[in-house]
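S.K.: As numbered in the UniProt record's numbering, residues 1 to 114 make up the sequence shown, in order. Virtual Cβ for every residue (Gly too), placed ideally from N, Cα, C.
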Amino acid sequence: MLQQGGQNQVEAVGSTLVEVLETVLDKGVVIAGDIRVDVAGVELLTIKIRLMVASVDKAKELGMDWWENDPFYSSKALESQENQHQQDREMLENRLKQLEQQLAEEQAKNNSES
Numbered sequence: 001m002l003q004q005g006g007q008n009q010v011e012a013v014g015s016t017l018v019e020v021l022e023t024v025l026d027k028g029v030v031i032a033g034d035i036r037v038d039v040a041g042v043e044l045l046t047i048k049i050r051l052m053v054a055s056v057d058k059a060k061e062l063g064m065d066w067w068e069n070d071p072f073y074s075s076k077a078l079e080s081q082e083n084q085h086q087q088d089r090e091m092l093e094n095r096l097k098q099l100e101q102q103l104a105e106e107q108a109k110n111n112s113e114s
């Protein structure tokens, strides 16, 4: 059973949370920290943690649109990567054929000279 006063408090907290979330997504917030592991004065491990919370539009505005070019997250990027791999394979196959042809010509030339 909710009392009238309690309901107003819940609404106030809810609207405040919405306002905070809206501001964070609009402006963005960065949380940064470092974790270092030292043993006997010798640094073994350093981890730098950077977290940015923002809307997609704000992230794009800041030039942080890595997910658009990552094949794991974007089918368009995956297709582009597959096309690039196909082009690379074709280029390597053509180069291999050229080298095999040059080798065959050299062997034929050496055989005719003998």
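Run through DSSP, which three-state label would MET52 get?
M.R.: strand
S.K.: Quick one: what does DSSP say ALA40 is sitting in, helix, strand or coil?
M.R.: coil
S.K.: Using CA coordinates, which residue listed in ASP57, LEU45, THR46, VAL39 is at the minimum distance from GLU22?
M.R.: ASP57
S.K.: Following the continuous alpha helix (DSSP H) through MET64, name the residue where it begins and the one where it ends.
M.R.: Note, MET64: premise wrong, no alpha helix (DSSP H); not H, not E.
S.K.: Quick check: ILE31 and LEU51, are their CB atoms within less than 8 Å of each other?
M.R.: yes
S.K.: Give a yes or no on whether the C-beta atoms belonging to residue 127 and ASP34 are separated by under 8 Å.
M.R.: This structure does not reach residue 127, given that the chain is present from 1 up to 114, and the question cannot be answered.
S.K.: Determine which residues share a DSSP beta bridge with ASP34 and list them.
M.R.: According to DSSP, residue pairing for ASP34 in a beta bridge involves LYS48.
S.K.: Could you spell out where the alpha helix (DSSP H) holding ASN69 opens and where it closes?
M.R.: Neither: ASN69 is in no alpha helix (DSSP H) and is coded neither H nor E.
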